[in-house]
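Trainee: Below you will find the structure I want to go over with you.
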Amino acid sequence: MTVVSNPPSATVVLDGEIDISTCLAIRRFLMAAISGGDVHLAVDMSGVTFIDASGIGVLVAAANRARQAGGGLSLLAPSPQVRRLLDVFHLDAILPAAQRPGGPLVAGRAA
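For our numbering, add 85 to where a residue sits in the sequence shown, where the first one is 1.
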C-alpha cells in the first residue's frame, strides 16, 4: 500500500491480494488517509491480483466514510475480477471507476 497525497485528494495504490487476511490493514490505511484530510480518494487497483467480499466491504466502508467527510472514493484500473464483483453486488454507483480526462485524476465521481 502506498499513497500519493495532495489534500484534499489522494491516490492510494493497492497491490496483491485483498482478502480476509489483509483487509484489516487496508481498512486502517484508507480510514487514516480520510481522517488525515484526504477525502477524495482514487484507489489504484491495477496491481490487485485477488479480491473477495471482505475486500469489497472495506472499499465500501471507506467510500461511505469519504462521502460523510464531503468527498468520495473511486477505483482506478479495476481488474476484470473486481469489475465482476462490483456487478454481482450492484456496487458500481458506490465504487465508481475513476477517470483521467486528459489531465489529472478525477476522484470521487461516477464515470
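Glycine included, C-beta positions come from ideal geometry on N, C-alpha and C. Since this is a predicted model, take the numbers as computed values, not measurements.
Quick one: complete beta strand (DSSP E) runs, 3+ long, within the segment 88-156?
Mentor: Complete beta strand (DSSP E) runs here, min 3: 94-103, 125-136.
Trainee: For residue 180, does the three-state DSSP call read helix, strand or coil?
Mentor: Taking the first residue of the sequence shown as position 1, residue 180 is located at position 95. If DSSP states are grouped into helix, strand and coil, residue 180 belongs with coil.
Trainee: Kindly give me the distance between the Cβ atoms of residue 127 and residue 164, rounded to whole angstroms, as I take these residues to be in contact under 8 Å.
Mentor: Here residue 127 corresponds to residue number 42 of the sequence shown, with the count starting at 1. Here residue 164 corresponds to residue number 79 of the sequence shown, with the count starting at 1. About 16 Å separates the two Cβ atoms, so there is no contact after all.
Trainee: Flag this pair as yes or no: are the beta carbons of residue 136 and residue 98 separated by less than 8 Å?
Mentor: Position 51 of the sequence shown, counted from the first residue, corresponds to residue 136. Position 13 of the sequence shown, counted from the first residue, corresponds to residue 98. Result no, Cβ atoms of residue 136 and residue 98 do not sit closer than 8 Å.
Trainee: Say the cut is 7 Å; is the CB of residue 180 nearer than that to a heavy atom of the ligand PLP?
Mentor: Summarising the ligand content, the structure contains no ligands, and the ligand PLP is consequently not present.
Trainee: With 16 as the cutoff for other CB atoms within 10 Å, does residue 101 come out buried or exposed?
Mentor: Against the sequence shown, residue 101 aligns to sequence position 16. Flag for residue 101 reads exposed.
Trainee: In whole angstroms, what separates the C-alpha of residue 181 from that of residue 95?
Mentor: Stepping through the sequence shown from its first residue, residue 181 is reached at position 96. Stepping through the sequence shown from its first residue, residue 95 is reached at position 10. Those two C-alpha atoms are separated by around 16 Å.
Trainee: Buried or exposed: where does residue 134 fall if 16 or more other Cβ atoms within 10 Å of its Cβ makes it buried?
Mentor: As a first step, residue 134 is located in the sequence shown; it is residue number 49 there, counting from the start. Residue 134 comes out exposed.
Trainee: Could you work out which residue in 147, 161, 152 is closest to residue 110 when comparing CA atoms only?
Mentor: Along the sequence shown, read from residue 1 onward, the residue named residue 110 stands at position 25. When each option's Cα is compared against that of residue 110, the closest is 147.
Trainee: First and last residue of the alpha helix (DSSP H) that includes residue 165?
Mentor: Along the sequence shown, one-based indexing puts residue 165 at 80. Taken as a continuous stretch (DSSP letters only), the alpha helix (DSSP H) holding residue 165 covers 165-173.
Trainee: Work out the CA separation of residue 141 and residue 176 for me, nearest whole Å.
Mentor: Locating residue 176 in the sequence shown gives position 91, where the first residue counts as 1. Locating residue 141 in the sequence shown gives position 56, where the first residue counts as 1. Cα to Cα, residue 176 sits roughly 9 Å from residue 141.
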